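Peer 1: Residue numbers (this note's numbering), protein chains in the order written: chain A, 1 to 585; chain B, 1 to 189. Where a beta carbon is used, it is the ideal one built from N, C-alpha and C, also for glycine. The model shown is predicted, which means the values in this text are computed figures rather than measured ones.
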Amino acid sequence: MANLNGRARQENTYDAIVVGSGITGGWAAKELTQKGLKTLVLERGPMVRHLEDYPTATLDPWQTKYPQGQLPPDELNAHYAVQKRTGYTLTEYTKHFFVRDDQNPYTEESRYDWIRGYHVGGRSLTWGRQSYRHSPIDFEANAREGIGVDWPIRYEELAPWYDHVERFIGVSGQAEGLPHLPDGQYQPPMEMNCVEKAFKAKSEARFPERRITMGRTAHLTDPTEEQLALGRTKCQYRNMCIRGCPFGGYYSSNSGGLVAAERTGNLVIRPGSIVTSLIYDEKKGKATGVRILDATTRQEEEFYADVVFLCASAFNSAWIMMNSTSSRFPNGFGNGSDQLGRNVMDHHLGVGASGEAPEFADMYYSGRRPNGIYVPRFRNLGDAATKRNDYLRGFGYQGGASRPGWDRDLTRQGRDPSGPRGFGAARKAALSQPGPWVIGLGGFGEILPYEDNRITLNRDKTDEFGLPTLSMNVTIRENELAMRRDMQTAAAEMLEAAGFKNVEGRDGGYAPGLGIHEMGTARMGRDPKTSVLNAHNQVHECKNVYVTDGAAMTSASCVNPSLTYMALTARAADHAVQARKRGEL
Amino acid sequence: MLLSRRDAIRGLTFTFGAAATGFAGRAMAAEPALAWTPTALTPDQARLVDVVAELIIPRTDTPGAREAGVPQFIDRALADYFDKAQAERLRAGLVRMDVDARAAHGDVFVALTPEQQVELLAGYDREASSTQGQTAGGGHFFPLLEDLVTVGYFTSEPGATVALRYDPVPGAYHGCVPLAELGRGWATR
């Protein structure tokens, strides 16, 4: 191992190291560099430069190699046995932004769909971009109900950091004045279509507590000077976001945080750097840096810094900590609580309802809106009227109305019975017109933290670099199953109240991981005996290591988590800079 | 809304025939020239696919499957996209079409009249709809072929931009626009 001394050591020394370059790594890099710290970002995958490295971003439908850009079954089965499970993420347009499963093995003690991408920007390039704040009741729920441990912070402590993040990334949305879904700093909301507007009016008349609003999404609809100066422009309604946006219309690390960080002159990004462990100095009682494996040369190397931010994703940050053993930390870094790798949470989904809208046959829309409608949580809000006796917490719905296109007639998609049949001119003419309106709602439900929902380090099974791998053992329980029944029923009620036809509730099943919101593996808490991180995302047992990705989450809420990860990261970076100035790190 | 194909097709009336397809008389010369070189299909199969594709999506006031390059698209799918089972299913189907054509009318499929051709296709469609969902893993060749024609056509440049509307960079979203102003369905969503 390269144990560097003197000049070589100095060359590998920074003020801060950030592990990972995704949605939190980009934020840590931005905040730390803007506050004057020389920062090294270590990314295990290859470089992806904004604009330059989006090879499929402007492909037209007729320019794909394969039908509809779908990968051949042989390729999917051989290389993407897990990544293909979402059914929508892995295509010819996107495969370079997802891992090959045959090269990145793990063990499924129970089924776990670990959907991920290893490259600069990580999943900030392919995320769903829905951006909601956790609410006061989310931060209080564990303590009130005696579930898991209490969050060591409250909403009010994070609120200014939500403001800070929303102003920088740009979130379009509608303020609603709901205490259980706090408003933020919004650019103008996107527009509902005719059927969604009618749905809102009719459903809210019947169920006033079930607010229907426009999705809050990290797209620019009225960019600020700061966003324009970074080279980002307004969303162009292409809805090809997952390929990378040539307009910077949505927020990614690549178009946002990393660009801002680079402009400070304080940033170094080193792609191809697999961080294998933290270096712990027993005498100093703190971490002095990290060890990496160079993905190309397969050489080990060390980098040093006063402060280390783990932003490698919930599972990989936990993996690094579990793989960082020493006489001080025989069971993994900062794992005196034995909570490392436990309390895995996600959002359970795949359940809801759909219907048909006979009205508005003469109306259509133009542009491809990369967003839908949102129904904020309306169960268990703390009052008697919303209290459920069959489960704790709640769910939100994401959905929308649209008119199916020409592909409604494909047999492999189940062929719309109302669609045109036969061969020849009549069918061709019919498919050249949009199909009848359809509308759907899909739930995103909170999963409780269960100690035995955990990932563990498997030293017996190694990857191509000879590194240990993860084993997953995560299941949903009675609380989630009871919630799912309500998620289906309540969605159908709303669609029926709005007068839609052929309303069908549906539970298409859910496997842990499919929400692609894994979190909780190094939870924040007040007590080092029962949690890994403190109120500032510092490892309780080693204060100059911060973990600010999904690993930190003490509970899951039911809203998409990335905005909260970013706010926690910005807040932790500010804390690290101040603590370093005070000589506390 | 995603019902099974069997449910979807049950009891529906087909609108076949020369009037619907726009053909009259013999479909093609016995040995129509092929303007391109297939890689996965044999020349005879390519001619067959060419005729079937144009029957399914004929030229009207907008280009048809042939002009949109659908036969070439199917050749590429067979070469690069299909797995072994799918490729075998499609190839066996193409062989069968000529066998059935000979048995019923004494000549290969491409040599039949459009009425005869459409009658055979309708038979395959009925057959496929009655077996759909009953054979695990397997399946009838005809939906495979029909889907390829539909996908190949509506994702082609003429299909997407002439038969449908395509806008690579809309720039804005308008949620309530009279369909009459747009005229056709969008190629992508």
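Among Y66(A), G289(A), P512(A), which one has its Cα closest to the Cα of S156(B)?
Peer 2: For S156(B), the nearest C-alpha among the options comes from Y66(A).
Peer 1: Any contact between the stretch 10-29 of chain A and the stretch 284-302 of chain A? By contact I mean 3 or more CB pairs, one from each, below 8 Å.
Peer 2: Cβ pair count under 8 Å is three or more, so yes.
Peer 1: Within the present structure, is the beta-carbon of I137(A) separated from the nearest heavy atom of the ligand FMN by less than 7 Å?
Peer 2: Absent from the structure shown: the ligand FMN. Ligands present: none.
Peer 1: With a cut-off of 8 Å, do at least 3 Cβ pairs link the stretch 196-212 of chain A to the stretch 491-506 of chain A?
Peer 2: They touch, by the three-pair rule.
Peer 1: Give the list of continuous alpha helix (DSSP H) stretches no shorter than 4 residues that lie fully inside the stretch 313-367 of chain A.
Peer 2: DSSP runs (the alpha helix (DSSP H)) wholly in the stretch 313-367 of chain A: 314-322.
Peer 1: Below 8 Å, can you find three or more Cβ-Cβ pairs linking the stretch 70-83 of chain A to the stretch 88-105 of chain B?
Peer 2: Result no; under three Cβ-Cβ pairs closer than 8 Å.
Peer 1: Between the C-alpha atoms of L410(A) and D150(A), what's the straight-line distance to the nearest angstrom?
Peer 2: Going from the Cα of L410(A) to the Cα of D150(A) covers about 51 Å.
Peer 1: So that I know if they touch, is there some Cβ in chain A lying closer than 8 Å to that of A20(B)?
Peer 2: Because the pLDDT at A20(B) is just 35, under 50, the model does not fix this residue reliably, and the value given afterwards should be weighed accordingly. At least one chain A Cβ lies under 8 Å of A20(B).
Peer 1: Quick check: the stretch 104-114 of chain A against the stretch 235-250 of chain A, are at least 3 beta-carbon pairs closer than 8 Å?
Peer 2: Output reads no: the stretch 104-114 of chain A does not touch the stretch 235-250 of chain A.
Peer 1: Quick check: L392(A) and E145(A), are their CB atoms within less than 8 Å of each other?
Peer 2: Yes.
Peer 1: With a threshold of 7 Å on Cβ separation, who are the neighbours of R571(A) within its own chain once the five nearest residues in sequence on each side are excluded?
Peer 2: Answer for R571(A): L158, W161, listed in chain order.
Peer 1: Indicate the three-state DSSP secondary structure (helix, strand or coil) for F247(A) in the structure shown.
Peer 2: DSSP places F247(A) in coil when its eight states are reduced to three.
Peer 1: Once DSSP output is grouped into helix, strand and coil, what is the label at M519(A)?
Peer 2: Three-state DSSP puts M519(A) in a strand.
Peer 1: Quick check: what's the CA-CA separation for N473(A) versus E584(A)?
Peer 2: Going from the Cα of N473(A) to the Cα of E584(A) covers about 38 Å.
Peer 1: Consider the Cβ of L164(B): report whether some Cβ of chain A lies at a distance smaller than 8 Å.
Peer 2: It does: the Cβ of L164(B) has a partner Cβ on chain A nearer than 8 Å.
Peer 1: Between which two residues does the beta strand (DSSP E) containing Y280(A) stretch?
Peer 2: Taken as a continuous stretch (DSSP letters only), the beta strand (DSSP E) holding Y280(A) covers 273-281.
Peer 1: Quick one: grab the DSSP three-state call for L178(A).
Peer 2: Residue state, collapsed to three classes: strand.
Peer 1: In three-state terms, what does DSSP make of M553(A)?
Peer 2: Correct three-state label for M553(A): coil.
Peer 1: I'd like to know whether the C-beta of P58(B) is nearer than 8 Å to at least one C-beta of chain A.
Peer 2: At least one chain A Cβ lies under 8 Å of P58(B).
Peer 1: Bridge partners of L470(A), per DSSP?
Peer 2: Paired residues: L457(A).
Peer 1: Kindly list, in the order they appear in chain B, the residues whose Cβ is closer than 9 Å to that of C241(A).
Peer 2: Result: empty, since nearest Cβ-Cβ is about 13 Å, beyond 9 Å.
Peer 1: For P188(A), decide whether its Cβ has a neighbour in chain B, counting only Cβ atoms nearer than 8 Å.
Peer 2: False, the Cβ-Cβ gap to chain B never drops below 8 Å.
Peer 1: If we ignore side chains and look at the alpha-carbon of each, how far apart do L59(A) and G256(A) end up?
Peer 2: Each residue's alpha carbon lies about 24 Å from the other.
Peer 1: Can we say the stretch 182-199 of chain A touches the stretch 209-229 of chain A, given the rule of at least three CB pairs closer than 8 Å?
Peer 2: Output reads yes: the stretch 209-229 of chain A touches the stretch 182-199 of chain A.
Peer 1: Check for me: the beta strand (DSSP E) holding W437(A) runs from which residue to which?
Peer 2: That run of the beta strand (DSSP E) goes 437-446.
Peer 1: Note down, in chain order, each residue of its chain lying with its Cβ closer than 8 Å to the Cβ of A187(B), except the 5 sequence neighbours on either side.
Peer 2: Cβ neighbours of A187(B) beyond the five flanking positions: F154, T155, G159, A160, T161, L164, R165, Y166.
Peer 1: Nearest CA to the CA of D53(A): which residue from K197(A), S337(A), G248(A)?
Peer 2: The candidate whose alpha carbon is nearest that of D53(A) is G248(A).
Peer 1: For D587(A), which residues in chain B fall below 9 Å Cβ to Cβ?
Peer 2: In the structure as shown, chain A starts at 1 and stops at 585, and residue 587(A) therefore has no counterpart that could be examined.
Peer 1: May I ask which residues mark the beginning and end of the alpha helix (DSSP H) holding T150(B)?
Peer 2: First-last of the alpha helix (DSSP H) with T150(B): 141-154.
Peer 1: Closest Cβ-Cβ distance between K501(A) and chain B: below 8 Å?
Peer 2: Judged by the 8 Å Cβ criterion, K501(A) is not in contact with chain B.
Peer 1: Taking 8 Å as the limit between beta carbons, can you name the residues of its chain near A198(A), skipping five residues before and five after?
Peer 2: A357, E359, F360, A498.
Peer 1: What are the boundary residues of the beta strand (DSSP E) that V503(A) is part of?
Peer 2: 501-507 is the span of the beta strand (DSSP E), which, as asked, contains V503(A).
Peer 1: Nearest by alpha-carbon distance to C194(A): which of N77(A), S337(A), L441(A), S402(A) is it?
Peer 2: Out of N77(A), S337(A), L441(A), S402(A), S402(A) has the C-alpha closest to the C-alpha of C194(A).
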